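Peer 1:
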Amino acid sequence: MDGDTFWLDRVKYRIADIDAPEVSNPQCRAEAEAASRATARLLALLNAGPSELHTQGLDRYGRSLTTVSRNGRSLGAVLVQEGYARQWGDRRGWC
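In this text, residue positions in the sequence shown follow the working numbering: the first is 39, and each later residue adds one.
#1: Go through its chain and collect everything with a Cβ distance to C133's Cβ below 8 Å, but skip five positions before and after it.
#2: Between E60, R79 and D97, which has its C-alpha nearest Q119's C-alpha?
#3: Applying the 10 Å Cβ sphere with the 16-neighbour rule, what's the burial state of G114?
#4: Take K50 and list the residues in its own chain whose beta-carbon comes closer than 6 Å to its own, dropping the five residues that flank it on each side.
#5: Kindly indicate which residue of S112, T43, R48 and A58 has the alpha-carbon position closest to the one of E90.
#6: On the DSSP bridge list, what partners appear for R67?
#7: Let me know the secondary structure DSSP gives V61 once reduced to three states.
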């Protein structure tokens, strides 16, 4: 699990509309710390109540691409708004 990937019922999901810092192989200490915070925040959001998953197929790593929402609000958008992730396509580094 990291800030944009999680497991549920033995299926690995990748949140489709965001990019979060990498837990595995971070490029610097700042990315590692940001990844830890993003992971903790995603876990808190997922555990805060029922969510809706809207699957969009598989990514190149075999993860189920999905948007996750609660009460009509994207959890990916929450992570972006709070600074834990960026919109998908924003290729700036985390260092």
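A virtual CB, placed ideally from N, CA and C, is assigned to each residue, including glycine.
Source: prediction; values computed, not measured.
Peer 2: Inspection of the coordinates gives the following:
#1: Q65, C66, A68 and E69
#2: R79
#3: buried
#4: Closer than 6 Å at the Cβ level, and outside the excluded window around K50, lie R101.
#5: When each option's Cα is compared against that of E90, the closest is S112.
#6: According to DSSP, which records beta bridges pairwise, R67 is partnered with nothing at all.
#7: coil
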